[in-house]
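For reference, the structure discussed in these notes is given below.
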Amino acid sequence: MKKKSLKTQLSLTIALVVLITVALISVLSNILINQKFKNYIAEQQKQKTQDIVSSLSQQYDRKTDTWNTDFIHTIGMYALYDGYIIKVYEIDGNSVWDAELHDMTLCTQVMADISERMQKKYPKINGEFTSKDYYLKQGLNAVGVVSISYYGPYFLSENDFQFLNALNTILASVGAISLFFAIYIGWVMAKKICRPISKTARMTKEIAEGNYEIRFEGHTGTIELDELVSSINNLASTLDKQEGIRKQLTSDVSHELRTPLTTIGTHIEAMIEGVWEPTTERLKSCYEEINRITNLVKDLEQLEKVENDNLKLNITSVKIEEVINTITDNFETEIYNKNLDVSVLGTANPISVDKERISQVLINLLSNAIKYTPECGKIDIILEDCDSSLTIQVKDNGIGISEAELPYIFERFYRADKSRNRKTGGAGIGLTIVKSVVHAHGGKVLVTSKIDEGSVFRVILPRK
Ligand code: ADP
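With the first letter of the sequence shown counted as 1, position 246 gets the number 259 in the numbering used here; the numbers rise by one all the way through.
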């Protein structure tokens, strides 16, 4: 099958629908008008003969027993022009006025004209000239007789035909004008609908070729098309973001790997070339760097998992206090080694969250608090429950974070005071995971901190 453009198909469909509608309206109105018109004409003819009879009746003067032939002549001639041939007789049969006697040629011509017109236009009605006699009465007395002959069962005068022709011309013109407008409006509509579709098609092609910055500006004026356009725009921006994340991740990972790999590389090279003795100390340093890389890879795996899994949270009713107790138990050794004072304050009703993901959030926050709080420090985990949300605070009196660094700590691979943190081994991913999970739950994480005084991390989870 030959493919047609959407624009052509829409224009043709609209034009076809209008053509059928106009044709149907024309045919139906023609039939109806013709039908009604015939009834009207038949009624008119009945009225006309009654008028002729009544006007003629008045032309007899009973006192003088005479007929006003001048008036009868006028009435007869008018009737003749209208297609009625009349003959007037006195009651005893004497002729008073006879159209045929008066002007035979005109009568024949009128009859011929009407017959020809009617047979041409209405051959089916098999009409012919017929005569009918009517008594001319004054009161109850018949004073004469009139014989009226006309083309029956009905006939249309020249004017009637002209009227019908004019009507048909108007209908045909209305049809033609509507068709023209239909084609024009159809074409304009089709163009309006097709333009954004063609544009989005071109856009998707460009997106497929890797141009993720492209966007459809403005509105189409059609709800469904606007939805299509905004989906394409979203698709482009999502791909753009993912592309950004991919590039950022590649550069971050290579940056993070470069330092430990260089250290290991130079150490081992020096030992192979005999510049350095392979002492336990040096091998331990290499092992630590390898450990750092292993931890980094683990963190990356976890980050990747969290960002993907956030799309499908496994929500259940969770008792947060129980989760916190399990976590603090797991950190028992670290807490004991640093002689930290950890307390859980407040209570909370069960909340609908993904238990595993929220546990990860609390593990990351508590492990940071333990990492960045010196020996004999204090850590409080405070629960604040209300109808609309649950707030979990992890508060420590540790080393704190400087004001300049606070805005960046949730960013991937960001470590405040890098030299200070190299020893701790963190890759700067823990808080990125915290933020990502809390956001996936529709909540938020806030932080306040002061250098050498401590930090407070606040996780606010909405109750849905
Ligand atoms: P890391 O693995 O390095 O701990 P995070 O993403 O968990 O990475 O944290 C980012 C940075 O924020 C850390 O390097 C640290 O400097 C800072 N930070 C996080 N939590 C605390 C805290 N409780 N006290 C002080 N600094 C913190």
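Idealized CB from N, CA, C, for every residue including glycine.
Whole-angstrom distance between residue j and residue i, CA atom to CA atom
i, j, result
"L309", "S468", "25 Å"
"A125", "G199", "51 Å"
"N178", "K16", "43 Å"
"E416", "Y427", "15 Å"
"E240", "I206", "13 Å"
"L23", "F50", "40 Å"
"T21", "I46", "37 Å"
"E334", "G234", "53 Å"
"Y97", "I183", "31 Å"
"R271", "I405", "37 Å"
"Q72", "H86", "11 Å"
"Y164", "S39", "29 Å"
"K212", "D253", "19 Å"
"S70", "Y102", "11 Å"
"C399", "V374", "20 Å"
"D367", "L444", "18 Å"
"N327", "V450", "12 Å"
"I348", "T339", "14 Å"
"T251", "E290", "53 Å"
"F344", "S380", "8 Å"
"N352", "G257", "44 Å"
"V201", "G223", "33 Å"
"S298", "E282", "14 Å"
"V31", "A203", "15 Å"
"V66", "Q60", "10 Å"
"N350", "I220", "55 Å"
Contact set for residue i: own chain, Cβ-Cβ below 6 Å, skip 5 residues either direction
i, result
"D146", "V158 and S160"
"A28", "A195, I196 and G199"
"I442", "D312 and L316"
"I394", "I337, V357 and V407"
"E418", "A429"
"L19", "C207"
Simplified DSSP state of residue i, which is helix, strand or coil
i, result
"T11", "Residue 11 falls outside the range modelled here, since the chain spans only 14 to 477, and no answer is possible."
"I392", "strand"
"E230", "coil"
"S160", "strand"
"W289", "coil"
"G165", "strand"
"N154", "strand"
"R425", "coil"
"L326", "coil"
"P136", "helix"
"T251", "helix"
"E302", "helix"
"R435", "Unreliable positioning characterises R435 in this predicted model, as indicated by a pLDDT of 49, which lies under 50. The coordinate reading is nonetheless provided below. Residue state, collapsed to three classes: helix."
"Q2", "The chain is shown from 14 up to 477; residue 2 falls before or after that span and cannot be answered."
"G455", "coil"
"E171", "helix"
"G413", "coil"
"T235", "coil"
Environment of residue i [buried if 16+ CB atoms lie within 10 Å]
i, result
"A249", "buried"
"E269", "buried"
"I33", "exposed"
"F193", "exposed"
"Q151", "exposed"
"F470", "buried"
"A189", "exposed"
"R75", "exposed"
"A382", "buried"
"Y385", "buried"
"G287", "exposed"
"L459", "exposed"
"S330", "exposed"
"N107", "exposed"
"H452", "exposed"
"G278", "exposed"
Residue i versus the options, residue with shortest Cα-Cα distance
i, options, result
"Y197", "E56, T26 and I464", "T26"
"R425", "V187, N247, G413 and Q261", "Q261"
"N246", "L180, E369, T293 and Y225", "Y225"
"R130", "F168, V288 and G287", "F168"
"E230", "E222, E219, K218 and S243", "S243"
"E302", "M117, H280, E320 and N321", "H280"
"G89", "I104, D105 and C120", "C120"
Cβ shell of residue i (< 7 Å), same chain only, five flanking positions each side left out
i, result
"H232", "D239"
"L378", "V407, V447 and F470"
"S432", "Its pLDDT being 47, under 50, S432 is placed unreliably in this model, and the value from its coordinates should be taken loosely. Within the same chain, S432 has no close Cβ partners at all."
"G413", "S462, K463, I464, D465, E466, G467 and S468"
Cβ-based neighbour list, residue i, same chain, cut-off 8 Å, excluding 5 preceding and 5 following
i, result
"D64", "none"
"E141", "S128, Y164 and G165"
"V553", "Within the shown structure, residues of the chain are numbered from 14 to 477, placing residue 553 beyond reach of any answer."
"V319", "R370, Q373, I446, S449 and V450"
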